[in-house]
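Note that the UniProt record's numbering numbers the sequence shown so that position 99 is 99, with each residue one more than the last. Data block below; observations after.
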Amino acid sequence: MCAQTRDINMLIVWRFLQGFAGAGGSVLSRSIARDKYQGTLLTQFFALLMTVNGIAPVLSPVLGGYVITAFDWRILFWTMAAIGGVLLVMSLAILRETRPATAAHAARQQRGQPVLKNRRFLRFCLIQAFMMAGLFSYIGSSSFVMQSEYGMSAMQFSLLFGLNGIGLIIAAMIFSRLARRFSAESLLRGGLTLAVSCAAIMLLFAWLHLPVLALVGLFFTVSLMSGISTVAGAEAMSAVDAAQSGTASALMGTLMFVFGGIAAPLAGLGGETMLKMSLAMAISYLLALLLGLSKPRDAR
1 MCAQTRDINM LIVWRFLQGF AGAGGSVLSR SIARDKYQGT LLTQFFALLM TVNGIAPVLS
61 PVLGGYVITA FDWRILFWTM AAIGGVLLVM SLAILRETRP ATAAHAARQQ RGQPVLKNRR
121 FLRFCLIQAF MMAGLFSYIG SSSFVMQSEY GMSAMQFSLL FGLNGIGLII AAMIFSRLAR
181 RFSAESLLRG GLTLAVSCAA IMLLFAWLHL PVLALVGLFF TVSLMSGIST VAGAEAMSAV
241 DAAQSGTASA LMGTLMFVFG GIAAPLAGLG GETMLKMSLA MAISYLLALL LGLSKPRDAR
């Protein structure tokens with residue numbers, strides 16, 4: 001419908017419905033993981049999940065930019081429709097019910113209230129949300145910063161975007177392997193400390209007008225997001241009962257995109273610059289670190 005409409009108001013309506021329906025996949029993926037996996041296996045699954053979630057918003061604008069230069073803008077929506085159709089067929093053919101009947105009965109009895117009272121879950125959830133805020137600060141400002149302030153061409157910016165995408169994959173894989181040897185708290189605190197340090201170094205280089213070194217700091221700052229979110233997401237879902245996995249997953253996704261949606265425009269207030277983008281990312285990561293350093297509370 002988006003590809004066929006000729007009215008901007010209807011396009012907005014259809015896009016809203018598209019996003020509303022698409023959110024189901026994000027919620028269900030985390031909920032299914034909680035039903036099927038525990039401990040290190042859950043962390044490994046979240047590493048794969050966060051790789052996709054981290055890569056998609058980084059690479060999609062780049063790929064979309066190439067498509068729209070060669071075809072009409074409507075081809076973007078036809079492409080999304082084709083991808084959605086393939087996913088629908090695969091879901092119908094492969095996916096099976098993963099939640100036990102006992103968990104479904106318990107969910108009807110509890111109605112989701114324990115999730116909002118679960119401080120351990122909310123702590124990990126907010127850590128992930130602040131990390132997402134840092135990532136969206138980068139996504140929302142980087143195209144203007146790199147092409148206006150750094151003078152990069154569209155191709156050079158695309159390569160930089162792709163390089164950061166590779167960093168996201170590597171970090172998620174590293175953290176999933178480290179989860180076999182170290183506790184989640186150790187990984188979170190160590191990873192967050194390193195992320196804040198990289199963000200502070202990037203901020204310093206941006207302030208000193210050292211562009212190359214600032215880009216190096218940016219690579220590590222962005223990459224660490226996926227590794228930390230892998231651990232935080234897995235621990236958040238582990239902190240709730242299987243009966244509450246759907247509610248917990250929905251709340252997690254909501255907070256991630258609300259924080260990201262707020263951070264992106266704030267990072268560009270008064271014009272996008274490397275210094276402002278670095279500051280927004282550093283603040284987001286610092287808030288996540290403060291939560292990470294806070295004393296963990298019992299899940300129940």
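Backbone N, C-alpha and C define an ideal beta-carbon position, used for all residues, glycine too. It should be emphasised that the depicted structure is a prediction, and the values quoted were computed from it without experimental measurement.
Cα-Cα separation, residue i to residue j
i, j, result
"T254", "L287", "18 angstroms"
"A200", "L289", "13 angstroms"
"Q156", "G162", "10 angstroms"
"F219", "R74", "33 angstroms"
"A47", "I166", "14 angstroms"
"F205", "R119", "37 angstroms"
"P265", "L251", "22 angstroms"
"S91", "M202", "42 angstroms"
"I8", "A81", "19 angstroms"
"L49", "T230", "8 angstroms"
"P211", "R181", "37 angstroms"
"P114", "V216", "43 angstroms"
"S249", "L116", "12 angstroms"
"R189", "F45", "21 angstroms"
"A267", "R96", "42 angstroms"
"A195", "A171", "11 angstroms"
"S176", "L41", "9 angstroms"
Other residues of its chain near residue i: CB distance less than 6 angstroms, five sequence neighbours each side excluded
i, result
"M152", "M146"
"G19", "none"
"residue 311", "Outside the modelled stretch of the chain, which goes from 1 to 300, sits residue 311, for which no answer is possible."
Outcome for residue i when other beta-carbon atoms lying within 10 angstroms are tallied against a minimum of 16
i, result
"K276", "buried"
"V258", "exposed"
"I94", "exposed"
"T69", "exposed"
"I283", "buried"
"A226", "It is Ser, not Ala, that sits at residue 226 in the sequence shown. Looking at its Cβ environment, which holds 16 or more other Cβ atoms inside 10 Å, S226 is buried."
"S294", "exposed"
"G140", "buried"
"Y66", "exposed"
"L187", "buried"
"V86", "exposed"
"A21", "exposed"
"S60", "exposed"
"L88", "exposed"
Residues near residue i in its chain [Cβ-Cβ closer than 7 angstroms; skip 5 each side]
i, result
"T5", "L11 and W14"
"F77", "C2 and A3"
"C198", "G217, F220, T221 and L224"
"A239", "N118, R120, F121, F124 and A299"
"T193", "L289"
"G292", "I127, L188, R189 and L192"
Closest by C-alpha distance to residue i, when choosing among the options
i, options, result
"L168", "T43, L178 and L224", "L224"
"A214", "G19, E149, D72 and G268", "E149"
"residue 306", "N118, A232 and L63", "Missing from the structure shown is residue 306; the chain here goes from 1 to 300 and no further."
"S183", "S197, L210, T43 and L208", "T43"
"M237", "L88, Y66, F71 and R123", "R123"
"G191", "H209, N164 and A232", "A232"
"A263", "F130, L41 and A154", "F130"
"F136", "G268, G260, V89 and L269", "G260"
"Q128", "I228, D241 and T247", "I228"
"Y285", "A179, Y138, A172 and S143", "Y138"
"W207", "L279, L17, A179 and A154", "L279"
"E272", "L28, L88, G84 and S142", "S142"
"E185", "E235, Q38 and F71", "E235"
"residue 320", "A133, M173 and D72", "Since the first and last residues shown for the chain are 1 and 300, residue 320 lies out of range."
Check: residue i C-beta below 7 angstroms from any heavy atom of the ligand GTP
i, result
"T5", "For the ligand GTP, the structure offers nothing, since it holds no ligand at all."
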